[in-house]
Amino acid sequence: MRPKSNPEVVQQIETRHGAALRAVGVRSLGVDPRNSEDVVVVFSGGGRLGRKVAGRLPGLVGSAGCGRLEVGISVGDSLTAWGSMDDPAFMSRLDCVVGKVVEQAAELRDPD
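The opening residue of the sequence shown carries number 19 in our numbering; numbering runs sequentially from there.
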């Protein structure tokens, strides 16, 4: 079960990253619950038969990446997001994750 959307996180993400996430076609991104150091990204459109294209950034929220983070973001006309801003490092880590996703979007969409 997905946690409820956090309006404070939504506002920060929309202000800081909403336009960039939409520009590269991110539909959602979040920490993979099966491997809590990987970030999975789903893009809108593309893929075979219109299926969504997913990419994975292994270890991005591990100690060698952006640092520990539990977050999920769904991008559409409006954003929904879950996560807790209680950790003072939350936003800097989130900025790092979104920056890497946007930077590597083309490679994630078409890894070949």
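Glycine residues also receive a C-beta, built at the ideal position from the N, C-alpha and C atoms.
The structure presented is a predicted model; accordingly, all values stated were derived computationally and were not measured.
Requested in this report: Would you mind giving the Cβ-Cβ distance between Leu39 and Val116, rounded to the nearest angstrom? I have them listed as a contact below 8 Å.
Outcome: Position 21 of the sequence shown, counted from the first residue, corresponds to residue 39. Position 98 of the sequence shown, counted from the first residue, corresponds to residue 116. Between Val116 and Leu39 the Cβ distance is about 7 Å, and since that is below 8 Å, they are a contact.
Query - Beta bridge counterpart(s) of Gly101 as assigned by DSSP - result: Taking the sequence shown and counting its residues from 1, the one referred to as residue 101 is at position 83. Partner(s): Val89.
Report task. Inspect the CB distances between the segment 96 to 105 and the segment 119 to 127 and report whether three or more fall short of 8 Å. Result -> As far as the Cβ criterion goes, the segment 96 to 105 does not touch the segment 119 to 127, which means the pair count is below three.
Query raised in the report: CB-CB under 7 Å to Gly63, same chain, minus the five flanking residues each way: which ones, in chain order?
Result: Indexing the sequence shown from 1 puts residue 63 at position 45. The residues are Gly43.
Report task. Could you pull out every residue in the same chain whose Cβ sits closer than 8 Å to the Cβ of Lys70, ignoring the five residues on either side in sequence? Result -> Reading the sequence shown from its first residue, position 52 is the one you call residue 70. Arg45, Val60, Phe61, Ser62, Gly63 and Gly64.
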